[in-house]
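Novice: The structure's right below; bear with me while I get my questions together.
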Amino acid sequence: MKNYYKILEVDESASKEVIDKAYKVLVKKYHPDLTGKNYNRDEKIKEINEAYNVLSNSFLKEQYDKELYANTQNNQFQEHDYSRLYREKEKLKYQLEQEKHKKTNTKKSQDNNEEETPQVGTGNSILSIFKTLFKHRPTMETIKNIKRIDIIALILTIIVVLLIGTILYFLPFTHDWMVRNFIDTPLVNWIKGIFN
């Protein structure tokens with residue numbers, strides 16, 4: 003049976019705060035990202051995580067303390083179910099993450115295969131453009147992610163453009179250019195014809 007107290011380098015009467023602090027210190031000391039990859043350090047981190055998961059849970063710690071006391075009395079040191087259960091839990095967690103990753107990848111590939119590129123000149127091109135636009139329309143999630151600063155920036159940009167257009171319209175040397183290029187156009191004349 004593994005002695006989790008020795009792995010975390012704490013006394014058997016250590017409080018939860020001491021166990022938490024010892025865990026953080028050991029993780030910093032042996033973490034492969036901070037110290038460079040090393041097989042022995044990876045195994046050490048796994049042992050530290052296993053010990054911390056048992057000792058940080060009050061129920062598991064109580065059960066572990068009973069077993070540890072019984073084993074020290076009988077001088078029997080054999081691996082207990084705690085470490086086996088921990089390894090099985092980690093293995094299942096890894097398998098679930100792999101399955102989730104596979105599902106998202108297959109869904110992305112199916113979405114990519116279903117996308118249609120509109121062909122110019124065919125009768126279905128406008129319909130396929132509308133299908134694509136409808137398929138990629140903004141959802142409530144994307145709308146919620148828009149920040150207030152983005153909306154303010156958009157409003158300020160529109161105001162500045164309208165202000166510059168108004169100033170150019172009323173300046174004598176740009177008035178004719180503005181009328182010719184922006185006001186006296188077929189689209190504007192058509193809109194005027196609707197309202198007249």
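Here the sequence shown is numbered in the numbering used here, starting from 3 and rising by one per residue. Even glycine gets a Cβ: it sits at the ideal position worked out from N, Cα and C.
(1) Excluding five sequence neighbours on each side, which residues of the same chain lie with their C-beta closer than 8 angstroms to the C-beta of I21?
(2) Measuring alpha carbon to alpha carbon, tell me which of K48, T187, D67 ends up nearest K91.
(3) Using the three-state DSSP reduction, which class does T187 fall into: helix, strand or coil?
(4) Determine whether the beta carbon atoms of L2 and M180 lie at a separation below 7 angstroms.
(5) Using DSSP with H/G/I as helix, E/B as strand and the rest coil, what is H103?
(6) In this structure, does DSSP put R139 in helix, strand or coil?
(7) Counting along the chain, where does the alpha helix (DSSP H) carrying H177 start and finish?
(8) What did DSSP end up calling S17 once you bin it into helix, strand or coil?
(9) Go ahead and label L28 buried or exposed: buried means 16 or more other beta carbons lie within 10 angstroms of its beta carbon, across all protein chains shown.
(10) Do E14 and Y200 have their beta-carbon atoms positioned less than 7 angstroms apart in this structure?
Specialist: In short, the structure shows the following:
(1) Your numbering for residue 21 matches position 19 in the sequence shown. Sequence-distant Cβ neighbours of I21 in its own chain, meaning closer than 8 angstroms and more than five residues away, are L10, V12, Y54, L57, S58.
(2) As a position in the sequence shown, residue 91 is number 89, starting the count at 1. Of K48, T187, D67, the residue nearest in Cα terms is K48.
(3) On the sequence shown, position 185 is the one that residue 187 refers to. Here T187 sits in coil by DSSP.
(4) Look at the range of the chain in this structure, 3 to 198, and you will see that residue 2 is not part of it.
(5) Residue 103 sits at position 101 when you count from the first residue of the sequence shown. H103: helix per DSSP, three-state reduction.
(6) Position 137 of the sequence shown holds residue 139. It is coil, neither helix nor strand.
(7) Here residue 177 refers to the residue found at position 175 when the sequence shown is read from its first residue. Run containing H177: 174 to 180, per the alpha helix (DSSP H) assignment.
(8) For the purposes of this step, residue 17 is taken as the residue at position 15 of the sequence shown. In this structure, S17 counts as coil in the three-state DSSP scheme.
(9) What you label residue 28 is simply residue 26 of the sequence shown in a count that begins at 1. Buried is the call here.
(10) Only positions 3 to 198 of the chain appear in the structure, and residue 200 is not among them; the question remains open.
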